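What the sequence shown shows, in mature numbering (1 follows the signal peptide of the UniProt record, and there is no 0), is residues -29 to -1, 1 to 60, in sequence order.
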Amino acid sequence: MRLSRRIAATTGIVALTLGGLAAAPTAQAAPADCVAYLAVAGYTSMITGTACGYGANGPAGAAACASLLTGAEGVPVTIAGRACAYAGR
């Protein structure tokens, strides 16, 4: 392989790698935001942490989060929905 092709290939790989790193999302503590919101509303237990963990797993997780909060903890639907939305961010 010629040197010019090697340089071009290497440059392309480096550009793709750096582009992928720039596009990668940053880590977020979304379940922690959910737990904090519930704590401010007066709901603190191990169940809220578990429910918020479920909420970070997409729409199905948000449904499980809301169901667990409203059923086991007695959190009003509006507060549970908002908390689970915070977990999904």
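For every residue, glycine included, the Cβ atom is placed at its ideal position computed from N, Cα and C. The structure presented is a predicted model; accordingly, all values stated were derived computationally and were not measured.
- Using a Cβ distance threshold of 9 Å, ALA51 and THR41 count as a contacting pair.
- Taken atom to atom, the span from the alpha-carbon of ALA35 to that of PRO2 is near 14 Å.
- Residue burial annotation: ALA10 is exposed, with fewer than 16 other C-beta atoms found within 10 angstroms of its C-beta.
- In the structure shown, THR15 falls within a coil segment according to DSSP collapsed to helix, strand and coil.
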